[in-house]
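A.B. asks:
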Amino acid sequence: MSRTLYPLSYQAACAKRLPRPATIAPMSRIDQIFQDLRANGRKALMPFVVAGDPTLDALPGTLAALEQAGASIAEIGIPFSDPIADGPVIAEAMHRALQRGVSPSVVLARVRELRASVRMGLVAMVSVSIVERSGGSAFIAALADAGFDGVIVPDADLDAVGPLHAEAERRDIAFAMLVAPTSTDARIERLVRHCRGFVYLLARAGITGERQDAPQVESLVRRVRAKTSLPLAVGFGISTAAHVKAVCAHADAAIVGSSLVRRLAEGDAHAVADRAGAYARELLRV
Amino acid sequence: MTTLPQVPDTQGRFGKFGGRYVPETLLSALEQLEAAYATARADASFQRDVDTLLRDFVGRPTPFAKAERLSESSGGAQIWLKREDLAHTGAHKINNTIGQALLAKRLGKTRIIAETGAGQHGVATATACARLGLRCEVYMGAEDVRRQALNVFRMRLLGAKVNAVETGSRTLKDATNEAMRDWMGSVADTHYIIGSVVGPHPFPMMVRDFQSVIGRECRAQSLERLGRLPDAVVACVGGGSNAAGIFFPFVGDAGVRLVGVEAGGRGNAPGEHAAPLAFGTPGVLHGSLSYVLQDPAGQTADVHSCSAGLDYPGVGPEHSFWKDTGRVEYVAATDEQALDAFRLLAEREGIIPALETSHAVHATMQVARGMRPDQVVVINVSGRGDKDVNEAIRLLEARGDRV
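Listed in order, the protein sequences are those of chains F and S.
End of the first sequence sits at 286 in the working numbering; the numbers just go up one at a time, nothing left out.
End of the second sequence sits at 689 in the working numbering; the numbers just go up one at a time, nothing left out.
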């Protein structure tokens, strides 16, 4: 698995070097991944999957295939009954997973099992409703214990996120807050102070889901760069190789969710991992 | 009783409850709304616009009158009625939609969205939008669209677009999810009129304030008609807007007992009721921390009530605050008890109440029985029951009642 993550032409397109942040050893996995990418002038593909859709048994193979195809970090969505930031594709995948009994503890147990088999970073995407019900910072600790390298709580209250952020810091895992195109500069400053590992930028207003038009992220990236040296990952509405390229021209990582989740759910249940790998390779083609 | 602090605080917290648990996309809209509302609240001309519409369009103040024959049948305290059922569109919901629609105009928003369960808030929103010239879209669970065809027609007649929501349980919770999803992509020109004292800050505070006209009138009417404050005030609680509206002006009056009545449904087992204050735990739903009905992992639980307006797994954060501080007592009335009370108010007072309100009528009879005849209990008659007639026929026939 020593091959380059991206074709050379793609690397050239994205080869914008950034100042390396001061480092403290030993480095967490997410920090290490972004440092290595930056050192090589490369960008990260961050695919998003819903744990338990189409099946939880498909998760290890899916993650292995994504890693093999060149993805750097996988976001694993823990199913929630009322995901208000998600469009129909992810919301329905979560409902299907819930109907199969995929609870947070089941997801954590499965990640603990598969952790040793993937080198990719694993970041949990989990609603604050689940986090709060499961003990707040205790749940962040449980994620770290299961082998997650980071967590995104997309509906956290910035005014109350301190204990969650502190626990992520204590366990040295990434903690990414969302930054929206509508966020004010003052708000961005507060948000990035509560991030570690990377910052999650929303490519557009609205919910997750596939879009035709390429995302316009340059100005948001510039505004966030002015406040932090953390890597910037961009998601929401990123579904083609052209979108990924457009995002990576400015940011450090492109997050692809709905279009992958839809592809995994559709078709032969025994070929989920193959579809994951094929789509990731397609996204990385320039 | 110690004095409660002024709530919410600057972070939208009622004690530990409330807050703003929403994706970042909505934050700037919430901050803009909070600032605009603070300005409007201090602006006499905004207050005058609200008051004028409440008087000339809604028909306020609503009457406050003794329920003579209901009082007789309780055998205890006198029962008085605050008649929100006589407000335009037949329920208290219009107090909030008028206020928020006027605020939306101040914000320069041209499009309004709303969620609705039974359709009362949808109708009240469509009504305010028609009156003020705002485009209106209402999200309603597909299951509710089927059950409440009359209200769907009313909304359309008022010029609103009704979007049937096919996700999840296809009821109020899912309609609220869908309205929030719309708003995440439309905040630039759209205001979301939430129908209850729920959601992220500043909604619980703002809706409470607009609904507080009920309690302010009731307090003044009590002083005028009774020469004193009532001994108890009773209101039903779904999300809790009519209750918050009548309770809030009495919260500082230590001698006034406040009783909120949740939907006890068919029993105490999970999924059989819609009583988060009785059976729930603190958790996050639709943008705020409050008591909520969830499974142990944090997934929103199924709920049941005969009354669509109470059929909701969450409750406003201020109610959670009032519960934990002990300022308000919360009880539950079952479907059966509510149906009995529905018939009772019709037969004894010539008022067919909403099934929601019927829960409060039942609890009032319990409260009044333990009190002296010189004492006074007020029921907030939050809505009229015309909308529930078909459902009531079905439920009464199912239990073999002859009407």
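For every residue, glycine included, the Cβ atom is placed at its ideal position computed from N, Cα and C.
(1) In chain order, what residues of the same chain lie with their CB nearer than 6 Å to the CB of S:S606, ignoring the 5 residues before and after it?
(2) Can a CB atom of chain F be found closer than 7 Å to the CB of S:G531?
(3) Here's the rule: buried if 16 or more other CB atoms are within 10 angstroms of the residue's CB, otherwise exposed. What is F:L105?
(4) Here's the rule: buried if 16 or more other CB atoms are within 10 angstroms of the residue's CB, otherwise exposed. What is S:R306?
(5) Specify, as a first and last residue, the run of the beta strand (DSSP E) that F:F175 falls within.
(6) Applying the 10 Å Cβ sphere with the 16-neighbour rule, what's the burial state of F:M173?
(7) Hey, is F:D145's beta-carbon within less than 7 Å of any beta-carbon in chain S?
(8) In the DSSP assignment, the beta strand (DSSP E) including S:S574 goes from what residue to what residue?
(9) Considering just the uninterrupted stretch of the alpha helix (DSSP H) at S:G546, what are its terminal residues?
(10) Who pairs with S:C522 in a beta bridge, going by DSSP?
(11) For F:V224 versus F:I255, is the C-beta spacing smaller than 7 Å?
(12) Strictly under 7 Å for the Cβ-Cβ distance: is F:I292 near chain S by that measure?
(13) Please determine, among F:A97, F:G162, F:A93 and F:G70, the residue with the shortest C-alpha to C-alpha distance to F:G121.
(14) Expressed to the nearest angstrom, what Euclidean distance is found between the alpha-carbon atoms of S:R502 and S:A387?
(15) Would you say S:E615 lies against chain F (beta-carbon separation less than 7 Å)?
(16) Using the Cα positions of F:C195 and S:L312, report the straight-line distance between them to the nearest angstrom.
(17) Of the choices S:A461, S:R505, S:V520 and S:A521, whose alpha-carbon is the least far from that of S:R514?
(18) According to DSSP, what are the bridge partners of S:W608?
(19) When you compare the CB of S:A583 with every CB in chain A, is at least one pair closer than 7 Å?
(20) Assuming F:P79 and F:A97 make a contact with CB atoms under 8 Å, what is their CB distance in whole Å?
(21) Relative to the C-alpha of S:D337, which candidate in S:E320, S:D581, S:G445 and S:I384 has its C-alpha closest?
(22) Can you tell me whether S:N676 is buried or exposed? The criterion is at least 16 other CB atoms within 10 Å of its CB, across all chains shown.
(23) Give me the Cα-Cα distance between S:V483 and F:D82, rounded to the nearest whole angstrom.
(24) Please decide whether S:V675 counts as near chain F, where near means a Cβ-Cβ distance under 7 Å.
(25) Identify the contact partners of F:S219 in chain S, using a Cβ-Cβ distance below 8 Å as the criterion.
(26) Which residues mark the beginning and the end of the beta strand (DSSP E) in which S:K379 is found?
(27) Quick check: what's the CA-CA separation for F:L164 versus S:A353?
(28) Identify each residue in the stretch 248-269 of chain F for which the Cβ-Cβ distance to at least one residue of chain S is less than 8 Å, and report them in chain order.
(29) Answer yes or no: the CB of F:G209 versus the heavy atoms of the ligand FMN, is any distance below 6 Å?
(30) Just the C-alpha distance for S:T586 and S:L579, rounded to the nearest angstrom, thanks.
(31) Just to confirm before moving on: does the CB-CB distance between F:E167 and S:V570 stay below 7 Å?
(32) In terms of residues, what are the limits of the beta strand (DSSP E) holding S:G471?
(33) Indicate whether F:A253 and F:A233 have their beta-carbon atoms separated by less than 7 Å.
(34) Using C-beta distances below 6 Å, list every residue in its chain close to F:T23, excluding the 5 sequence neighbours before and after it, in chain order.
(35) How long is the line joining the alpha carbons of F:A242 and F:A214, rounded to whole angstroms?
(36) Looking only at DSSP bridge pairs, what is S:N666 linked to?
C.D. replies: Checking against the coordinates, here is how it stands:
(1) F303, S576 and Y577
(2) Not flagged as an interface residue toward chain F: S:G531, since no C-beta distance is shorter than 7 Å.
(3) Note on residue identity: the sequence assigns Ser, not Leu, to residue 105 of chain F. With fewer than 16 Cβ atoms within 10 Å of its Cβ, F:S105 is classed as exposed.
(4) Burial is judged here by how many other beta carbons sit within 10 angstroms of a residue's own beta carbon; S:R306 has at least 16 and is buried.
(5) A174 to A176
(6) Here the sequence assigns Ile to residue 173 of chain F, which means Met is not the residue at that position. Buried: at least 16 other Cβ atoms inside 10 Å.
(7) No, its Cβ sits nowhere closer than 7 Å to a Cβ of chain S.
(8) S574 to V578
(9) Per DSSP, S:G546 belongs to no alpha helix (DSSP H); it is in the beta strand (DSSP E), R543 to G551.
(10) S:V547
(11) no
(12) Because chain F is modelled from 1 through 286, residue 292 of chain F falls outside the range shown and cannot be assessed.
(13) F:G70
(14) 21 Å
(15) No - not a single Cβ of chain F is within 7 Å of the one on S:E615.
(16) Computed Cα separation, rounded: 19 Å.
(17) Closest option to S:R514, Cα to Cα, is S:R505.
(18) DSSP lists no partner for S:W608.
(19) Here chain A cannot be found, since the structure's protein chains are F and S.
(20) 4 Å
(21) S:I384
(22) exposed
(23) 19 Å
(24) no
(25) Residues of chain S passing the Cβ test: none, with the nearest at roughly 15 Å.
(26) Run containing S:K379: none in the beta strand (DSSP E); it sits in the alpha helix (DSSP H), K379 to R392.
(27) 53 Å
(28) none
(29) This structure simply doesn't include the ligand FMN, nor any ligand for that matter.
(30) 6 Å
(31) no
(32) Premise fails: S:G471 lies in the alpha helix (DSSP H), L458 to S472, not in any beta strand (DSSP E).
(33) yes
(34) Bear in mind that a pLDDT of 49 at F:T23, under 50, signals an unreliable position, so the number given afterwards is only what the model happens to contain. Closer than 6 Å at Cβ, skipping near neighbours: no residue.
(35) 7 Å
(36) S:K368
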